[in-house]
Amino acid sequence: MSVEPAAKPVRRMTVPQIAARKGGAPIVSLTSYHAHTAAIVDRYADFILVGDSLGMVMHGMESTVGVPLDLMIMHGRAVVRGTKRALIVVDMPFGTYEESPNMAFRNAAKIMKETQCGAVKLEGGARMAETIRFLTERGIPVMAHIGLTPQSSHVMGGFKTQGRDEDSWPLHEADAKAVTEAGAFAIVLEGMVEPLAARITKQVPVPTIGIGASVECDGQILVLEDMLGLNPRPPKFVKVYGALGEMIEDSVRRYAEDVQSRAFPTEVQVYR
Ligand code: KIV
Numbered sequence: 136m137s138v139e140p141a142a143k144p145v146r147r148m149t150v151p152q153i154a155a156r157k158g159g160a161p162i163v164s165l166t167s168y169h170a171h172t173a174a175i176v177d178r179y180a181d182f183i184l185v186g187d188s189l190g191m192v193m194h195g196m197e198s199t200v201g202v203p204l205d206l207m208i209m210h211g212r213a214v215v216r217g218t219k220r221a222l223i224v225v226d227m228p229f230g231t232y233e234e235s236p237n238m239a240f241r242n243a244a245k246i247m248k249e250t251q252c253g254a255v256k257l258e259g260g261a262r263m264a265e266t267i268r269f270l271t272e273r274g275i276p277v278m279a280h281i282g283l284t285p286q287s288s289h290v291m292g293g294f295k296t297q298g299r300d301e302d303s304w305p306l307h308e309a310d311a312k313a314v315t316e317a318g319a320f321a322i323v324l325e326g327m328v329e330p331l332a333a334r335i336t337k338q339v340p341v342p343t344i345g346i347g348a349s350v351e352c353d354g355q356i357l358v359l360e361d362m363l364g365l366n367p368r369p370p371k372f373v374k375v376y377g378a379l380g381e382m383i384e385d386s387v388r389r390y391a392e393d394v395q396s397r398a399f400p401t402e403v404q405v406y407r
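Going by my numbering, 258 is the number at position 123 of the sequence shown; the sequence numbering is gapless.
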C-alpha cells in the first residue's frame with residue numbers, strides 16, 4: 136500500500152515576501168470586500184486589499200471620506216476568513232490616522248487585532264512619513280499610497296490624474312522617497328502619468344503597485360467590481376475582464392419571469 140505524502144499546509148504570503156518581489160515577477164493584486172469573492176481571488180492574488188473604495192462600491196457613498204473604521208474592520212474580517220494564501224492589507228479610512236502617529240498606531244493596531252490582517256495601507260507621501268516610521272517601528276507593516284489619493288479628493292478638486300505638469304514630478308518623487316525611507320514595504324501609485332510612475336519605480340527599493348499608473352510598476356491592482364464589469368462607468372485605466380453586471384441583470388430578469396409565471400419552483404426545488 137502506498138502512502139501519500141501529507142499535503143503541505145498553505146502558508147500566507149508575508150510582508151517580506153511581497154517586499155522581496157521588487158524588480159521580480161509582477162505582483163498580482165485585487166480588492167475584495169467579502170468572503171466568497173475573496174476566496175476566488177485568493178487563488179491568484181499575491182495580496183488582497185480591503186480598500187476603502189468599499190464605501191463607494193458596496194455602500195453607495197459619493198467618496199471614500201465617509202467610511203468608518205468599524206466598516207473596514209467588518210469587511211477585513213470577512214476577507215481574512217475567506218482566504219488562506221494571499222497577504223491581506225486593510226485600508227485605514229479617512230480621519231483615523233492623519234492627526235498624530237499615536238492615533239494612527241491605536242487605530243492600526245485595532246485593525247490588525249480585530250481582522251488578523253497582515254498589513255495596513257494609508258494615503259499620503261512625505262507628510263505621512265513620520266507616522267509610517269512610528270507604525271513600522273512598532274510592528275505594523277505599512278503599504279503607502281501616493282499620487283491620486285482619493286481621501287484628499289476635496290483638496291484636489293476631484294479625482295485628478297497626477298503629474299500632468301512635469302514641474303510637479305519632483306514632489307511625487309520626494310513622496311515616494313520619504314515613505315520608503317520611513318519603512319513602507321510597498322507603495323501604491325494611483326492615477327499618475329505613465330512616465331512618472333515608471334521613474335518612481337526605478338528610484339525606490341520597494342515594490343510599486345500601479346493603478347492607472349504604468350506597466351513598469353512592480354505589480355498591479357484593480358478594484359474587483361470594476362474589472363468584473365459591475366461598474367457601468369469604469370475609469371479609463373480599468374481593463375474589464377467580465378460582464379457580471381449583464382449576467383446579474385439577465386439572471387434576475389429570468390428569475391422574476393419564472394416567479395411571475397409560476398415556472399419556479401418546480402418539482403426539483405420543493406420538499407415532498
Ligand atoms: O480603496 C481602494 O480600493 C484602493 C485602491 C484603489 C488602491 O485604495
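Positions of the beta carbon are idealized from the N, C-alpha and C atoms, including for glycine.
Could you check whether the Cβ of residue i sits closer than 7 Å to any heavy atom belonging to the ligand KIV?
i, result
"I346", "yes"
"H280", "yes"
"S188", "yes"
"L365", "no"
"E325", "yes"
"D205", "no"
"T231", "no"
"L184", "yes"
"D226", "yes"
"I208", "no"
"I246", "no"
"I223", "no"
"T166", "yes"
"I356", "yes"
Using a Cβ-Cβ cut-off of 8 Å (strictly less than) and excluding sequence neighbours within five positions of residue i, which residues of its own chain qualify?
i, result
"I183", "S164, L165, T166, S167, A173, V176, D177, V214, T218, A221, L222, I223 and V224"
"L283", "M291, F294, K295, T296, Q297, E325, G326, M327 and G347"
In terms of DSSP beta bridges, what is residue i paired with?
i, result
"I344", "V323 and G354"
"L363", "Answer is none; L363 lacks a bridge partner."
"I153", "In the DSSP output, where bridge partners are listed per residue, I153 has none listed."
Kindly indicate which three-state DSSP category residue i falls into: helix, strand or coil?
i, result
"K256", "strand"
"S164", "strand"
"S396", "coil"
"Y376", "coil"
"M148", "coil"
"S386", "helix"
"V403", "helix"
"A264", "helix"
"A391", "helix"
"R368", "coil"
"K337", "helix"
"E381", "helix"
"A141", "coil"
Which same chain residues, not among the five before or five after residue i, have their C-beta less than 7 Å away from its C-beta?
i, result
"G201", "G190"
"V341", "A154, K157, T315, A319, F320, A321 and I322"
"A333", "S349 and E351"
"M148", "D181, F182, R220, A221 and L222"
Here's a check: name, in chain order, each residue in its chain whose Cβ is nearer than 6 Å to the Cβ of residue i, leaving out the five neighbours to either side.
i, result
"V339", "A311 and T315"
"L363", "G377 and L379"
"V185", "H210, G211, V214 and V225"
"T271", "V277 and G318"
"F399", "D393"
"V358", "T166 and S188"
Length-filtered (4 minimum) alpha helix (DSSP H) runs lying within the stretch 268 to 330: 288 to 291 and 304 to 317
Length-filtered (4 minimum) alpha helix (DSSP H) runs lying within the stretch 169 to 254: 170 to 176, 189 to 192, 204 to 217 and 236 to 250
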